[in-house]
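Enquirer:
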Amino acid sequence: MRAMVIDDSRAMRMILKRIVSKLDFEALEAGDGREALDLLATLDEVPELALIDWNMPNMNGLEFVTNVRADPRLREMTLVMVTTESEQSQIVRALAAGAHEYVIKPFTEGAMIEKLALLGLVPTGANS
Amino acid sequence: MTLSQAEFAFVSQLVRREASIVLAPGKEYLVEARLIPVARAVGAPNVSEFLAELQRRPNPQNQRKIIDALTTNETSWFRDREPFSALTDVILPELVKSRTATRKVRIWSAASSSGQEAYSLAILLQENLPPGWSYEIMGTDISTEMVKRAETGEYSQVEVNRGLPAQQLVQYFERAGAHWRISQQLRRNVSFKLMNLTAPFPAMQPFDVIFLRNVLIYFDVATKRNVLQNMSKVLRPDGWLFLGAAETTIGIDDNYERVAAGRTSAYRARTGAPAGAARRV
Amino acid sequence: MSVEVEVNENDLAEMVEQVWESYLDPEGISPLIPTYDENQPSEVHSSVSITGSWTGHIVYASSTSAARRAAAAFLAMEMDEVSEEDLSDVLGELANIVGGNVKAMLPPGALLSLPQVVLAPETTARFPHSERISGVYGVWDGEPVSISMWQSRGDNKEGAE
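Quick mapping for you: the protein sequence lines, in order, are chains A, B and C.
The first sequence begins at 1 in UniProt numbering and counts up one residue at a time.
The second sequence begins at 1 in UniProt numbering and counts up one residue at a time.
The third sequence begins at 1 in UniProt numbering and counts up one residue at a time.
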């Protein structure tokens, strides 16, 4: 399985990569939504999961989610927002745009794994 | 920096005597980490000084603070998932058939800590009971501080991240400053009380379901048996008891039997369970 | 009606605590210990600006050693492997996380800037027409770290929509 980690902070990408690697995902990185879409266009197989920051240059996370949802080829990808945006209205917006889950920064490793478990992306036994 | 063996022994004895909790050796650094804020709060220069003073002059209030600090652990929403799925898939459909007279479901979240389990149960009942049904959830805990916290129904950002689906976060909570507060719709069906499970139980209305998860592991066998016996008196004859994954009544109290409940197992009274209600495992 | 600042010192302290719990001290053994000293020294700092319903800045400042330690925790590397680029990235993200959480508590219509990092003491920073309205000051493993909130004067005359 492959997971795309989309965040303009390299430090945050490192943290997310570490977590998904523990769950046996191969991690792909992008620094913003545009870069992520460009990378997706080059891939034969669509990654199972994308972890998406909201505030990024060029293309933000919400626009990325909207783009992915509009593309039938990317329909199977599970989309998780990972962001400091934590107003109730923002969460509602992201879910309405097609995000499957929402993780608020700061998050602990356990919290991220629990969210991925909700989405059925954690092999049983890894969630403890 | 870590606690000395004598200090750890003192803390171990204290929590064993006062809360029947056994601290595993090797957890000295964790005990110390939990006690640093306690020591600071009472104005002691460090944990060692705090413990030394407490040994010289026993102080029930500070002893309570130690127990509180060591018995509260992080809790997630819908922790372990399976018991909650069992409730939705197996138990509620059965209760909806058998409780037509009262159209009410009562659940006890024993050792409710900061309340996540009790409110998770409220979310689940809110979403799964037929219209016209009501529910009551009672949470109890040994810590005054935890009971107060659970009553506020307020959770930090980090706490609402843990296992709570985003859809339910926006539906059943509202932002309250830096926190999230449970909605009145759920809050009014949930109450919290101070209660020591190892002391005689106060009078209580019986429950349809009891969640007693990851509590027995802290008790010795005699205490476990005592708690389970008291529980059986407030569990309806056809009610269900959930324990933690590492816990069982087997070999401790034979009045319960283990039954399958969805993909997990629960415990029911050996006599009085309606035939065919549950598959034995 | 003016917009009240809805973020107090306790809120800020809680956010900071959550950053420690999540990234800098997941085991809970090395917390930020409060010093309440708003004049404690720093060697590096980062900031984000908020504009809109409230206008001001969130500043993260620390010694180089504490910044190095934070970077090492984020990036899972040894402290002596941390490059200047690593330092900048992690300092920026720390300001961004606290700033984002502050923003969420403000009236709707606040915007968060991208972070800015300066490898120089906080005292070299100038936020014109701003005053410090709250802060968390502490030591982390003996090294100074502070997170403070600065409000621009005259930003809150018009009230929230």
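Glycine is no exception: its CB is placed at the ideal position from the N, C-alpha and C atoms.
For Lys27/B, name the three-state secondary structure that DSSP assigns.
Expert: Counting from 1 along the second sequence, the entry for residue 27/B is found at position 27. Coil, per DSSP.
Enquirer: When you check each C-beta in the stretch 16-30 of chain B against every C-beta of chain C, which residues fall closer than 8 Å?
Expert: If the cut-off is 8 Å between Cβ atoms, the stretch 16-30 of chain B has Tyr29 and Leu30 near chain C.
Enquirer: In terms of residues, what are the limits of the beta strand (DSSP E) holding Val118/C?
Expert: As a working note, residue 118/C is residue 118 in the third sequence. Run containing Val118/C: Gln116 to Val118, per the beta strand (DSSP E) assignment.
Enquirer: Please report the residue range of the alpha helix (DSSP H) in which Thr64/C lies.
Expert: Start at 1 with the first residue of the third sequence, and residue 64/C comes out as number 64. Looking at the DSSP string, the run of the alpha helix (DSSP H) that includes Thr64/C is Thr64 to Leu75.
Enquirer: Comparing the C-beta of Ser134/C with each C-beta of chain B, is any distance below 8 Å?
Expert: The residue you call residue 134/C lines up with position 134 of the third sequence. No - not a single Cβ of chain B is within 8 Å of the one on Ser134/C.
Enquirer: For Leu186/B versus Ile210/B, is the C-beta distance shorter than 8 Å?
Expert: Your numbering for residue 186/B matches position 186 in the second sequence. Your numbering for residue 210/B matches position 210 in the second sequence. Cβ atoms of Leu186/B and Ile210/B: not closer than 8 Å.
Enquirer: Could you check whether the Cβ of Met14/A sits closer than 8 Å to any Cβ belonging to chain C?
Expert: To locate residue 14/A, count along the first sequence from 1; it is residue 14. It does: the Cβ of Met14/A has a partner Cβ on chain C nearer than 8 Å.
Enquirer: Mapping the DSSP letters down to three states, classify Gly52/C as helix, strand or coil.
Expert: In the third sequence, residue 52/C corresponds to position 52, counting from 1. In this structure, Gly52/C counts as strand in the three-state DSSP scheme.
Enquirer: So Arg18/A contacts chain C; which residues on that side make the cut at Cβ distance below 9 Å?
Expert: For the purposes of this step, residue 18/A is identified with residue 18 of the first sequence, where counting begins at 1. Chain C residues near Arg18/A: Ala76.
Enquirer: Could you list which residues in chain B have their beta carbon closer than 9 Å to that of Pro106/A, in chain order?
Expert: Along the first sequence, one-based indexing puts residue 106/A at 106. Ordered by position in chain B, the residues that pass the 9 Å Cβ test against Pro106/A are Gln157, Val158 and Asn161.
Enquirer: Counting only C-beta atoms, is residue 292/B closer than 8 Å to chain A at any point?
Expert: Absent from the structure is residue 292/B, since the part of chain B shown begins at 1 and ends at 281.
Enquirer: For a contact meaning CB atoms closer than 7 Å, what does Asn55/A contact in chain C?
Expert: For this step, residue 55/A is matched to residue 55 along the first sequence. Neighbours of Asn55/A on chain C, chain order: Leu112.
Enquirer: So, is the C-beta of Ile6/A closer than 8 Å to a C-beta in chain B?
Expert: On the first sequence, residue 6/A is found 6 positions in, with the first residue counted as 1. Chain B, which has no Cβ nearer than 8 Å to the Cβ of Ile6/A, makes this no.
Enquirer: Of all Cβ atoms in chain B, is any one closer than 8 Å to the Cβ of Ala96/A?
Expert: Stepping through the first sequence from its first residue, residue 96/A is reached at position 96. No, Ala96/A lies away from the interface with chain B (no Cβ there is under 8 Å from its Cβ).
Enquirer: Does the beta carbon of Tyr23/C come closer than 8 Å to any beta carbon on chain A?
Expert: Within the third sequence, the letter at position 23 stands for residue 23/C. Yes, Tyr23/C counts as interfacial toward chain A.
Enquirer: List the whole-angstrom C-beta distance separating Asp238/B from Val105/B, where the pair is believed to meet the contact cut-off of C-beta under 8 Å.
Expert: Taking the second sequence and counting its residues from 1, one reaches residue 238/B at position 238. Taking the second sequence and counting its residues from 1, one reaches residue 105/B at position 105. Wrong, their Cβ atoms sit about 13 Å apart, outside the cutoff.
Enquirer: With DSSP as the reference, label Gly33/A as helix, strand or coil.
Expert: By one-based count along the first sequence, residue 33/A stands at place 33. In the structure shown, Gly33/A sits in a helix (DSSP, three-state: H, G or I).
Enquirer: Please confirm if Ala160/C has its CB atom under 8 Å from at least one CB of chain B.
Expert: Within the third sequence, the letter at position 160 stands for residue 160/C. Its pLDDT being 41, under 50, Ala160/C is placed unreliably by the model, and the measurement read from it follows with that caveat. False, the Cβ-Cβ gap to chain B never drops below 8 Å.
Enquirer: Nearest by alpha-carbon distance to Ala176/B: which of Arg73/A, Met4/A, Gly110/A and Gln88/A is it?
Expert: Residue numbering aside, residue 176/B sits at position 176 when the second sequence is read from its first letter. The candidate whose alpha carbon is nearest that of Ala176/B is Gln88/A.
Enquirer: Give the DSSP bridge partners of Leu235/B, in chain order.
Expert: Locating residue 235/B in the second sequence gives position 235, where the first residue counts as 1. Note: Leu235/B sits in a beta bridge opposite Phe207/B.
Enquirer: Using a Cβ cut-off of 9 Å, which residues of the stretch 164-190 of chain B contact any Cβ in chain C, in chain order?
Expert: Residues Arg175, Gly177, Ala178 and His179.
Enquirer: Is the beta carbon of Ser76/B less than 8 Å from the beta carbon of Met138/B?
Expert: Taking the second sequence and counting its residues from 1, the one referred to as residue 76/B is at position 76. Taking the second sequence and counting its residues from 1, the one referred to as residue 138/B is at position 138. No. Outside cutoff.
Enquirer: Identify the continuous alpha helix (DSSP H) that holds Ile97/C and give its terminal residues.
Expert: Along the third sequence, one-based indexing puts residue 97/C at 97. Per DSSP, Ile97/C belongs to the alpha helix (DSSP H) from Glu84 to Ala104.
Enquirer: Give the residues from the stretch 68-92 of chain B that approach chain A closer than 7 Å (Cβ to any Cβ), ordered along the chain.
Expert: Against chain A - using a Cβ distance shorter than 7 Å - the residues of the stretch 68-92 of chain B are Ser76.
Enquirer: Is the CB of Ser2/C under 8 Å away from at least one CB in chain B?
Expert: One-based indexing of the third sequence puts residue 2/C at position 2. With a pLDDT of only 41 at Ser2/C, under 50, the local geometry of the prediction cannot be trusted, and the value read off the model is given with reservation. Ser2/C does not count as touching chain B.
Enquirer: Which residues bound the alpha helix (DSSP H) around Ser146/C?
Expert: Taking the third sequence and counting its residues from 1, one reaches residue 146/C at position 146. No alpha helix (DSSP H) contains Ser146/C, which is instead part of the beta strand (DSSP E) from Glu143 to Ser152.
Enquirer: Looking at C-beta atoms only, is the number of pairs between the stretch 221-236 of chain B and the stretch 117-135 of chain B that lie closer than 8 Å three or more?
Expert: No: the two stretches stay apart, fewer than three of their Cβ pairs being nearer than 8 Å.
Enquirer: Does Ala41/B have its Cβ less than 8 Å from a Cβ in chain C?
Expert: Looking up residue 41/B in the second sequence gives position 41. So, not an interface residue.
Enquirer: Start and end of the alpha helix (DSSP H) containing Ser89/A?
Expert: Walking along the first sequence from the start, residue 89/A turns up at place 89. Gln88 to Ala97 is the span of the alpha helix (DSSP H), which, as asked, contains Ser89/A.
Enquirer: Please report the residue range of the alpha helix (DSSP H) in which Lys97/B lies.
Expert: Within the second sequence, numbered from 1, the residue matching residue 97/B stands at position 97. Start and end: Leu92 to Ser98.
Enquirer: Let me see if you follow: with CB-CB separation under 8 Å, is Ala111/A close to chain B or not?
Expert: Position 111 of the first sequence, counted from the start, is the residue given in the question as residue 111/A. Yes - at least one Cβ of chain B is within 8 Å of the one on Ala111/A.
Enquirer: Using C-beta distances below 8 Å, list every residue in its chain close to Ala111/A, excluding the 5 sequence neighbours before and after it, in chain order.
Expert: The sequence position of residue 111/A within the first sequence is 111, counting from 1. Closer than 8 Å at Cβ, skipping near neighbours: Val103.
Enquirer: Out of Asp141/C, Tyr137/C and Leu112/C, which has the shortest C-alpha to C-alpha gap to Pro57/A?
Expert: Here residue 57/A refers to the residue found at position 57 when the first sequence is read from its first residue. If we check each option's Cα against that of Pro57/A, Leu112/C comes out closest.
Enquirer: Opposite Trp180/B in the DSSP bridges: which residues?
Expert: As a first step, residue 180/B is located in the second sequence; it is residue number 180 there, counting from the start. Tyr155/B and Arg175/B, per the DSSP bridge assignment.
Enquirer: Residues in the same chain with beta-carbon distance under 6 Å from Lys115/A, minus the five sequence neighbours each way, listed in chain order, please.
Expert: By 1-based counting over the first sequence, the position of residue 115/A is 115. Contacts found: Glu101 and Val103.
Enquirer: In the DSSP assignment, what residue or residues form a beta bridge with Met195/B?
Expert: For the purposes of this step, residue 195/B is identified with residue 195 of the second sequence, where counting begins at 1. According to DSSP, Met195/B bridges with nothing at all.
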